[in-house]
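Comments concern the structure below.
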Amino acid sequence: MPQISYVITVYNKAEFLPAVAAALKSQKGLGEVEAIFVDDGSTDDSPAVLQDIVSDWPAARVISQVNSGPAPATNAGIFAATGQWIKIMDGDDVLHEDATRALLDAAEKFGTRFAFGNIALVPWKVAQHGKDAQPVIPKTAAPPLSVEAEHDTSPLVHFAEKMTFNPSCLLIERKFAQEIGGVDIRVFAQDYSLYLRAGHRTTFAYVPTDIVWAPGAGEATGRVSDDEAQILHDLNAELAYFIDETPDLDPAVMRRMLTRGTGRAWKWASRRAGHSLFSPYFLTYLLSRLPTSRDQAIKRLFWSRDIFRRTSPVRIPVKIDGRDAYRTMPKGSTENH
76 MPQISYVITV YNKAEFLPAV AAALKSQKGL GEVEAIFVDD GSTDDSPAVL QDIVSDWPAA
136 RVISQVNSGP APATNAGIFA ATGQWIKIMD GDDVLHEDAT RALLDAAEKF GTRFAFGNIA
196 LVPWKVAQHG KDAQPVIPKT AAPPLSVEAE HDTSPLVHFA EKMTFNPSCL LIERKFAQEI
256 GGVDIRVFAQ DYSLYLRAGH RTTFAYVPTD IVWAPGAGEA TGRVSDDEAQ ILHDLNAELA
316 YFIDETPDLD PAVMRRMLTR GTGRAWKWAS RRAGHSLFSP YFLTYLLSRL PTSRDQAIKR
376 LFWSRDIFRR TSPVRIPVKI DGRDAYRTMP KGSTENH
């Protein structure tokens, strides 16, 4: 059994893939590894680049699928993995050479099934022919093995307040990832769901330094994290889905999630849609600070997503001929639940 399964989701990342693969092959202090690249229907040169990568890397393979979105692609890799641990990666993120070892050490130190570190956005240099992008890595961050790992014993409280990480930051035990169902395919931006599902069942180990570098805003076409409305829309949706699927959730944590989600919607309504204090989004935020039922919390979080769809197009997962897919809802659309 491999010690580590790298699961790399790819959609039109041809120029970044050589650097991503090189960083994975350069990881230090590990036993046997496997790399699973999930090509989510790329329309650029990614399929050809991936074939070049796996042709001289026996531990790597490619899963190709019709474009379905990042959540189904992530789950395809999670459920194909055979290693003891899974290290998820976006197809344009580059790991520090000690990142995986540092996460593994942290998880083993605290006996957790989940570990994570920080991500930094950096400029990238791209060759004139459009391939072989390389990150401009800063020298200021402490090396991952030089910092003292921390034990987050209340991860749900932490992630109810903020979400500043992406899948490339985490390491998760494979059996655990599969037991909790992988990521939630009911949202397009899947990052948050894995942290929530895992945080309800285990404590987290944290490596408090940059372990992965990602392209800065606008440098990678189609990067979901550049789409603020999509991210915020899906954060609120995922909170609602998570509360719905977690009947034993601590009511105090649920209320914190509700307050955070409705507050996020109110800020967007105020800053992006010009709403006043008479806005229903502000009223909903105020009500969220009072005791509320689980059903009411779910309804308010689902409703709060409307403001993001009213001001920006948002992608929604759907089924087409029985397969996972997504459609883009135009600005101003709403959807009932």
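Numbering (the numbering used here), first residue to last: 76 to 412.
Ideal placement from N, C-alpha and C gives every residue a C-beta, glycine not left out.
Neighbourhood of residue i by C-beta, 6 Å cutoff - its chain only, sequence neighbours within 5 removed
i           : result
residue 286 : 171, 174, 192, 219
residue 119 : 87, 89
residue 400 : 143, 393
residue 32  : The requested residue 32 does not occur in the structure, where the chain is confined to residues 76 to 412.
residue 168 : 243, 287, 289
residue 217 : 284
Rounded distance between the beta-carbons of residue j and residue i, thought under 8 Å
i           : j           : result
residue 111 : residue 156 : 6 Å
residue 335 : residue 235 : 6 Å
residue 403 : residue 388 : 5 Å
residue 356 : residue 340 : 5 Å
residue 359 : residue 386 : That pair is no contact at about 17 Å.
residue 181 : residue 224 : 4 Å
residue 188 : residue 240 : About 17 Å separates the two Cβ atoms, so there is no contact after all.
residue 321 : residue 350 : Their Cβ separation, rounded to whole angstroms, is 31 Å, which puts residue 321 and residue 350 out of contact at 8 Å.
Same chain only: Cβ atoms within 7 Å of residue i, ignoring 5 sequence neighbours per side
i           : result
residue 209 : 94, 199, 200
residue 291 : 196, 197, 198
residue 203 : Model confidence at residue 203 stands at a pLDDT of 43, short of 50, so the residue's coordinates are unreliable and nothing is read from them.
residue 332 : 235, 314, 318
residue 259 : 146, 265, 268, 313, 316
residue 222 : 282, 283, 284
Close-in-space but distant-in-sequence residues of the same chain around residue i (CB under 8 Å, 5 per side omitted)
i           : result
residue 227 : 233, 278, 279, 280, 281
residue 312 : 261, 262, 376, 377, 380
residue 140 : 113, 114, 115, 116, 147, 148, 151
residue 101 : 172
residue 329 : 318, 369, 372
residue 77  : 106, 107, 108, 109, 134, 157, 158, 159
Beta-carbon proximity of residue i to residue j, cut-off 8 Å
i           : j           : result
residue 82  : residue 153 : yes
residue 248 : residue 343 : no
residue 99  : residue 124 : no
residue 304 : residue 353 : no
residue 242 : residue 271 : no
residue 364 : residue 318 : no
residue 158 : residue 80  : yes
residue 231 : residue 190 : no
residue 85  : residue 121 : yes
Item to check | beta strand (DSSP E) runs contained entirely in the segment 175 to 262, provided each spans 3 or more residues | outcome: Taken in chain order, the whole beta strand (DSSP E) runs of length 3 or more contained in the segment 175 to 262 are 189 to 197, 225 to 227, 245 to 248.
Checklist entry - Is there contact between the segment 102 to 110 and the segment 176 to 190, where contact requires at least three CB pairs shorter than 8 Å? => result yes
Checklist entry - Can you give, in chain order, each stretch of the beta strand (DSSP E) that sits fully within the segment 305 to 355 and has at least 3 residues? => result none
Next on the checklist: My parser needs the alpha helix (DSSP H) runs of 4 or more residues fully inside the segment 353 to 399; what are they?
Outcome noted: 355 to 363, 369 to 379, 381 to 386
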